[in-house]
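Colleague:
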Amino acid sequence: HILGCRFLFFSTLNISCLSLLAVKVSADKSADSLLGVSLYVTCCFSLSAFKILSLSLILDILIIVCLGVGLFGFILFGTFCASWIKTSVSFPRLGKFSAIISPNKLSASFSLFSV
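To convert, note that position 76 of the sequence shown is 79 in the working numbering; the numbers rise steadily by one, no gaps.
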């Protein structure tokens with residue numbers, strides 16, 4: 004009878020060890036699963052944040068480029084106006100010839116802007 008109690012005790016201990024091992028494996032798998040889900044969610048949020056940041060930087064660069072092109076256009080227009088005024092002031096003694104030169108220079112410069 005004592006041997007039966009000892010055997011029963013060891014078999015119960017063996018079953019409880021196996022059930023503890025199964026619980027530990029199950030807990031590890033669920034922890035791995037939760038970790039994988041959290042990594043996936045973090046990765047998606049990081050990717051979204053990166054896309055938003057890169058879109059913001061692209062828009063900033065486009066705004067800077069557009070402002071630069073506009074400023075360059077104003078500089079060209081200012082240079083054109085200054086050269087046209089200089090041309091019309093440079094030839095006051097030529098009379099009719101000065102009137103022919105100025106409109107031709109004006110049309111050539113505006114055709115440059117339209118391109």
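Each residue gets a CB set at the ideal place from its N, CA and C atoms; glycine is no exception.
Work out the CA separation of glycine 73 and leucine 79 for me, nearest whole Å.
Modeller: One C-alpha to the other measures close to 10 Å.
Colleague: On the three-state DSSP scale, how would you describe leucine 79?
Modeller: Helix, per DSSP.
Colleague: Roughly how many whole angstroms lie between the Cα atoms of aspartate 63 and cysteine 69?
Modeller: 10 Å
Colleague: In whole angstroms, what separates the C-alpha of isoleucine 55 from that of isoleucine 61?
Modeller: Distance from the CA of isoleucine 55 to the CA of isoleucine 61, rounded to the nearest whole angstrom, comes to 10 Å.
Colleague: Do you know how far the Cα of phenylalanine 75 is from the Cα of threonine 82?
Modeller: 10 Å
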